[in-house]
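Worksheet: the structure to be examined is printed underneath.
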């Protein structure tokens, strides 16, 4: 089926891999792009030099479209943007900030710009800023979340009504049936994080992946609302955070509990007890670690079967 997401990005399937810190390196991005979707390199924890290395490697690994996920709160944002433009990147997904300041600069460099939002209010602001595509992310998603705590099924139709831009649905999507449901609600594509974070090509530690495929319903929770709301696996670190939040701990104490490089400890180093383990609610439905090619093939088969069953 033709739609704007496939046309804008030049991809076979309207499936975008989330640009996840410590998971979305060049291998995962290339694998998703080679399977017909759009792979993203997660720039959020990378130095300028390391991101350049990943860009050059993804260029060598695929001739298909790919992109960068760029948090706008990045400390060296202007230097990073200069490098991305210099390397000839054509697609950028921005988050964690207002796209208004940088969208024109990206467009002048010939780049397509998508921005991640958690509300219809911010979707309208994206259209005003000249963004090309909106990613509407429900609070089922792993990692950083919107303060509104709006679920994906509630968010997508409201964003669809608020903007004329193409909408990508994100949060809690890990099956072809969920892709179809998002489309029915008004999305023209999906962004999938957790399912690809637990793929063979993800750069996350094996210990992290194994812990996540053994999660049950309710084993992730939204916390750290005084900092940046984040969905985490319940482990030792989460327990200390929850106890502190329950008694009204302030921001400095919460930062002290987290310690340095908390997400790296949990996701990349595999410290499943004392690291910050960011993953989405849908992890409880994922029970195997598979290559991206197999995941994408199954998503397409499930989508086609669900659509045929409805007809």
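Residue numbers (the numbering used here): 197 to 507. Each residue gets a CB set at the ideal place from its N, CA and C atoms; glycine is no exception. Keep in mind the model is a prediction, meaning the values are calculated, not measured.
- Residue 346 counts as buried, since at least 16 other C-beta atoms from the protein chains shown sit within 10 angstroms of its C-beta.
- Per DSSP, reduced to three states, the secondary structure at residue 289 is strand.
- Rounded to the nearest whole angstrom, the C-alpha separation of residue 314 and residue 446 is 25 Å.
- Under the Cβ criterion (8 Å, minimum of three pairs), the stretch 419-436 does not count as touching the stretch 234-250.
- Under the three-state reduction of DSSP output, residue 364 falls in the strand class.
- Contact check for residue 415 against residue 430 passes: the beta carbons are separated by less than 8 Å.
- Between residue 232 and residue 208, the C-beta spacing is below 8 Å.
- Inter-segment contact for the stretch 384-397 and the stretch 473-488 is present: three or more beta-carbon pairs are separated by less than 8 Å.
- In this structure, the beta-carbon distance from residue 372 to residue 497 falls below 8 Å.
- According to the DSSP assignment, residue 427 belongs to the beta strand (DSSP E) that extends over 426-429.
- In terms of CA proximity to residue 325, 301 leads the group 305, 335, 301.
- Using a Cβ distance threshold of 8 Å, residue 461 and residue 472 count as a contacting pair.
- Going by DSSP, residue 266 is part of the beta strand (DSSP E) stretching over 262-267.
- At a Cβ-Cβ threshold of 8 Å, residue 474 and residue 463 count as neighbours.
- Nearest C-alpha to residue 370 among 419, 213, 280: 213.
- For residue 327, there is no enclosing alpha helix (DSSP H), as DSSP marks it with neither H nor E.
- Cβ-Cβ separation between residue 331 and residue 309: approximately 11 Å, too far for a contact (criterion under 8 Å).
- Along the length of the stretch 415-475, whole beta strand (DSSP E) runs at least 3 residues long occupy 416-419, 426-429, reported in chain order.
- The beta carbon of residue 382 sits closer than 7 Å to the beta carbons of 352, 353, 356, 363 from its chain, once the five residues preceding and following it are set aside; these are given in chain order.
- Under the DSSP assignment, residue 378 falls in the alpha helix (DSSP H) whose first and last residues are 372-380.
- Straight-line spacing of the CA atoms in residue 203 and residue 385 works out to 11 Å.
- Going by C-alpha positions, residue 506 is about 14 Å away from residue 374.
- In this chain, the beta strand (DSSP E) harbouring residue 311 covers 308-313.
- Residue 212 is bridged by DSSP to 234, 387.
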